[in-house]
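Visitor:
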């Protein structure tokens, strides 16, 4: 077999054996992957073997021509698992496949594009699809099919849906294969399986696990039910078969109904705490096929129990304990977790009967988590009321009482509480009790000042007991407490008090311990006095009897130490007895303390230590002495009263912990309660030397802010003589007097003479004028004789005003400085000098010498010479500028030079060129005979403060020009101005705005043509319309071959600026010897009445033609209208009449000739494609 376009080429070959009368079918193939195109020929030939003969070789070849080889990209679906038409689907996830195969000869990608469309309307649901690449095959190697995976979520679908779409086949091009549509129904087959609650079951106990199967669909459904668990096969916890409902025994659950699947569980008795089994129930819908699972954990629980132990070392046993009334007793209990699981316990403690005023406190109310066999200590503190006489039986503090105390521990996880009981035995007690029966008044500041420092306070002593009745008499002694019981042997942190600072029961605590006296208590006397007649410090009392006494406290001042120190005075005393008559009972002595506070006195004194001397302007140090006159170390804040012009500093602004004399009792000097305060002051240079200056210093209490003392620090100063003129240098500008017509001006100059010394001084003043020929400076006014020396008295630290009268002469110039000096001296010594420079105000006076009015036509430039002369008083560096009125934006000017200097009385000629805009500049026109006022300015460009132009017009409103912009636009000081009047000359310009390009004339037919003209000049115009025709034949024998007539009654016109006028001319030719294409010219002239203006004209070609019309004919295929054909009933016939004439070309014969009429020119203004294809237009002559 061969494949070729022309000759062919063999592609495959094979061997075949043919029996006589038989036939053989041979399959031959060829690879077309490298070919493309048309016109191929396939030839199959039979070549007999050499061992056989062929009787007819003419039929051994067959050809197939016209074979085309093309690239084919296609695929087809061969199978699918899509639901069939009318099938029902569950409302759940669905997944399937479509099997596809490549049916072309090119690789392609295939994707399913399927949707579910609800039959009742609504949004379509797209199906998810995978994309598979399909490779082409051949006859020898067929293509391999592939599965496209498709899926969708039908859990929210219900009702009938149309499943439709196609397979997208993508390669270099795209194609599609349609999938047959089908109707599927989504049935509400859906259930939920709720697991049983996780359980904690005690070992040896049973429980039922309820798994809830709920059919949430709208139809009933059947289910298979299985259970599985992970318990030990040898010791199963679940007592039920694995297959609860199989296919032969389906569980039926109605729509919207529930069913409990019960799983019995039994926990072995020997299960360890925390052992767990997971039970899983699985159901499968028999209708929809979906599977649901749920799991529950069952855990073996623990036992909760405890035991409470106690042992209080009592002779009667471990459950007994003694307690002393008024003394707290803490009992220790031990709690042990005797269960099998970790547990927490709630602890409750209480008496078994009412015990008023008892306090039973258990700090542990809930234990932490205790592991099995762990223990915890439970402290319980019991506090009973103090003994009081007579005893209250309900308080349960009598020695014959017993009170039972119960304690229990309750497991928070459940279980039996642990309980224990303690019997409390009340001790026998006999004791003394001291009660202070009155209040002691603290000692105030007023008490100290008035000497009212003695204090007395009463007390009672009682023997109290809980023994029942007893008449034994006891002797009670009263005495001060020993210091060993009141103060430590060594000082504690922050406190200086030790036993050595205590005496006879008295302890004094200073408000400020640091630096206080250690024997302040010795200045106080304390006494104890009883009401007993036998002894001042003893009492004899029966149990329950009360004795009375008084404590006295008295301060002893001395001349040097008059005040008691601020602080607290405590006096402690005690009542004691031998208790020999109360054997077997707990006996107690009693103590009492009387305490009072001594108020703090904040008091101080400041005294001056004498005057310090120094120079003005230098630092001088003086002192004041601060003394603490209070009764406690004190903190003081030091300040001063500012003094104008003085610089003041203090050596210290605080004096802290300054001792008072009371703190120095018996161990200090008279100066230890003093602090010197250094005051450093720098007086101003003008401070007076003839007085003593005071800087007041004050001391405030740091704690209260109260002013306690004040005193002056004293200073005297040495004598200083000095002066200062202000300003030390200055520049004065003298302007011309408004009342004078010259540059002469006068100005009063003011200087200040400061007396910088510290004494009143009369100073000598003088003037040194270095330019007497140009300026006059005097202490006297202008009309008086010039005085150049004077005197002035200035007090110390004050200022004197010096007036200088300065006058400028005619010869003074503004560009040169004039100088004089003002001197101040005393006793022949120069004190100060002030230098003055006198400037004369600039007199800018540039005179313009030039023409003041010019006439210029629009678009032209006028040149004029401007002579500038400097009549001012300074050399000017100038620019010549021109300012145009608002709106004249396109006017411009040029000068031949700029930045030139012109000295006083010099002249200079500048060439100024002014250019006007064209006649029509945009929408503006320069109107003739209007005079525009232009301002010429000579601007001084070296002035450091440009002042022009200070404003500019913006939308008709004057706006200020910033200083930075004035320089950019040529700003400076105008030295002179002049007005130039520019008159605009008239311009004649009458233009044709409407006219023909040529004038075509048919002999014998008059033609009317309209011409329109407009005055585009800048002034109204009177003009005459003239015209003429010229025959291009140049034949004098045939003059005036063209006839022209106008529609004007007069050829004279008057046009305003911008006004238009129309003229109609009738053209004709009546000669019978005209020829086709004969040429001529029509000339239209506009002649102004003013001889100075030039004539304007336009020429138009004249051509003789056979036919011409100026009319427009609109023909309609719908209706004939005025163009209906005469003598022709055809509805599509239209008749128009156009004049024409048969004339010859030049040098042609006069023989008859034929003409063909054809359409020429534009068609109707609509799209010709809209015409029907069979419509046509034809033309004919009548």
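In the working numbering, the protein residues as written are 40 to 1221. Every residue gets a Cβ at the ideal spot worked out from N, C-alpha and C, and that includes glycine.
#1: State the DSSP-derived secondary structure class of residue 601, mapped to helix, strand or coil.
#2: Quick one: Cα of residue 607 to Cα of residue 739, how far?
#3: With respect to the beta strand (DSSP E) encompassing residue 1085, which residues constitute its N-terminal and C-terminal limits?
#4: Measure the Cβ-Cβ separation of residue 276 and residue 304 and say whether it is below 8 Å.
#5: Tell me which residue opens and which closes the alpha helix (DSSP H) that residue 1132 is part of.
#6: Rounded to whole angstroms, what is the Cα-Cα separation between residue 1059 and residue 1155?
#7: Tell me, please, which residues DSSP counts as bridged to residue 351.
#8: Looking at C-beta atoms only, is the number of pairs between the region 906-915 and the region 880-896 that lie closer than 8 Å three or more?
#9: Which residues share a DSSP beta bridge with residue 333?
#10: Can you give the Cα-Cα distance for residue 568 and residue 576, rounded to whole angstroms?
#11: At which residue ranges does the region 1002-1048 contain complete beta strand (DSSP E) runs of 3 or more residues, listed in the order of the chain?
#12: Could I get the ranges of all uninterrupted beta strand (DSSP E) runs contained in the region 869-948, with 3 residues as the minimum, in chain order?
#13: Can you tell me where the alpha helix (DSSP H) with residue 520 in it begins and where it stops?
#14: Assign residue 431 to one of two classes, buried (16 or more other C-beta atoms within 10 Å of its C-beta) or exposed (fewer than that).
#15: I'd like the span of the beta strand (DSSP E) that includes residue 141, first residue to last.
#16: Which class does residue 735 belong to by DSSP, given the choice of helix, strand or coil?
#17: Is there a C-beta anywhere in chain D that falls below 8 Å from the one on residue 213?
#18: Taking just the CA atoms, how far does residue 762 sit from residue 847?
#19: Would a C-beta distance cut-off of 8 Å place residue 316 and residue 269 closer than the cut-off?
#20: Residues bridged to residue 231 by DSSP?
#21: Answer yes if the region 1120-1129 comes into contact with the region 1051-1071, meaning at least three C-beta pairs across the two stretches below 8 Å, and no otherwise.
#22: Counting Cβ pairs, one atom from each stretch, are 3 or more of them under 8 Å apart for the region 184-196 and the region 129-147?
#23: Can we count residue 592 as close to the ligand FAD, meaning its CB is less than 7 Å from some heavy atom?
#24: So, do the region 781-797 and the region 754-768 have three or more beta carbon pairs nearer to each other than 8 Å?
#25: Using DSSP's beta-bridge definition, name the partner residues of residue 83.
#26: Straight-line CA distance for residue 831 to residue 1016?
#27: Following the continuous beta strand (DSSP E) through residue 1108, name the residue where it begins and the one where it ends.
#28: Just to confirm, is the Cβ distance from residue 615 to residue 516 under 8 Å?
#29: From the DSSP output, in three-state form, read off residue 755 for me.
#30: Take the Cβ of residue 57 as the centre, count every other Cβ of all protein chains shown within 10 Å, and call the residue buried at 16 or more, exposed below.
#31: Mind the definition here: the region 401-419 touches the region 473-492 only if three or more C-beta pairs lie below 8 Å; say whether that holds.
#32: Identify, in the order they occur along the chain, each residue of the same chain with its Cβ nearer than 6 Å to the Cβ of residue 948, setting aside the five sequence neighbours on each side.
#33: Take residue 819 and list the residues in its own chain whose beta-carbon comes closer than 8 Å to its own, dropping the five residues that flank it on each side.
#34: Quick one: what's got a C-beta closer than 6 Å to residue 956's C-beta in the same chain, skipping five residues either side?
#35: Classify residue 717 as helix, strand or coil using the three-state DSSP reduction.
#36: Between which two residues does the beta strand (DSSP E) holding residue 613 run?
Guide: Here's the rundown:
#1: What you label residue 601 is simply residue 562 of the chain shown in a count that begins at 1. In this structure, residue 601 counts as coil in the three-state DSSP scheme.
#2: Along the chain shown, one-based indexing puts residue 607 at 568. Along the chain shown, one-based indexing puts residue 739 at 700. Distance between the alpha carbons of residue 607 and residue 739 is about 25 Å.
#3: Indexing the chain shown from 1 puts residue 1085 at position 1046. Segment 1082-1085, the beta strand (DSSP E) holding residue 1085.
#4: Working through the chain shown from its first residue, we reach residue 276 at position 237. Working through the chain shown from its first residue, we reach residue 304 at position 265. Yes. Within cutoff.
#5: Your numbering for residue 1132 matches position 1093 in the chain shown. It is not in any alpha helix (DSSP H) - residue 1132 carries neither H nor E in the DSSP assignment.
#6: Counting from one through the chain shown, the residue named residue 1059 turns up at place 1020. Counting from one through the chain shown, the residue named residue 1155 turns up at place 1116. If I take the Cα positions, the gap works out to 49 Å.
#7: Within the chain shown, numbered from 1, the residue matching residue 351 stands at position 312. Answer is none; residue 351 lacks a bridge partner.
#8: yes
#9: Here residue 333 corresponds to residue number 294 of the chain shown, with the count starting at 1. Answer is 320.
#10: Translated into positions along the chain shown, residue 568 becomes position 529. Translated into positions along the chain shown, residue 576 becomes position 537. The straight-line gap from Cα to Cα measures roughly 6 Å.
#11: 1012-1023, 1029-1033, 1038-1040
#12: 885-888, 892-895, 900-909, 915-922, 931-934, 939-941
#13: To locate residue 520, count along the chain shown from 1; it is residue 481. First-last for residue 520: undefined, no H or E at that position.
#14: Translated into the one-based positions of the chain shown, residue 431 becomes position 392. That one is exposed.
#15: If you number the chain shown from 1, residue 141 lands on position 102. Run containing residue 141: 132-141, per the beta strand (DSSP E) assignment.
#16: Position 696 of the chain shown, counting from 1, holds the residue named residue 735. Residue 735: strand per DSSP, three-state reduction.
#17: Within the model displayed, chain D is absent; a lone protein chain is all it includes.
#18: Here the question's residue 847 lines up with position 808 in the chain shown. Here the question's residue 762 lines up with position 723 in the chain shown. About 30 Å.
#19: The residue given as residue 316 occupies position 277 in the chain shown. The residue given as residue 269 occupies position 230 in the chain shown. Yes.
#20: Indexing the chain shown from 1 puts residue 231 at position 192. 253.
#21: yes
#22: yes
#23: No copy of the ligand FAD occurs in the structure displayed, which carries no ligand at all.
#24: yes
#25: Counting from 1 along the chain shown, the entry for residue 83 is found at position 44. Answer is 101, bridged to residue 83.
#26: Walking along the chain shown from the start, residue 831 turns up at place 792. Walking along the chain shown from the start, residue 1016 turns up at place 977. The alpha-carbon atoms of residue 831 and residue 1016 are separated by roughly 50 Å.
#27: As a working note, residue 1108 is residue 1069 in the chain shown. It is not in any beta strand (DSSP E) - residue 1108 carries neither H nor E in the DSSP assignment.
#28: For this step, residue 615 is matched to residue 576 along the chain shown. For this step, residue 516 is matched to residue 477 along the chain shown. In this structure, residue 516 lies closer than 8 Å to residue 615 by Cβ.
#29: Within the chain shown, the letter at position 716 stands for residue 755. In this structure, residue 755 counts as strand in the three-state DSSP scheme.
#30: Mapped onto the chain shown, residue 57 falls at position 18. Exposed: under 16 other Cβ atoms inside 10 Å.
#31: no
#32: Along the chain shown, read from residue 1 onward, the residue named residue 948 stands at position 909. Here the set comprises 904, 906.
#33: Position 780 of the chain shown, counted from the first residue, corresponds to residue 819. Around residue 819: 825, 826, 844.
#34: Your numbering for residue 956 matches position 917 in the chain shown. Answer for residue 956: 929, listed in chain order.
#35: Looking up residue 717 in the chain shown gives position 678. Strand at residue 717.
#36: Counted from its first residue, the chain shown places residue 613 at position 574. Unbroken beta strand (DSSP E) run through residue 613: 606-615.
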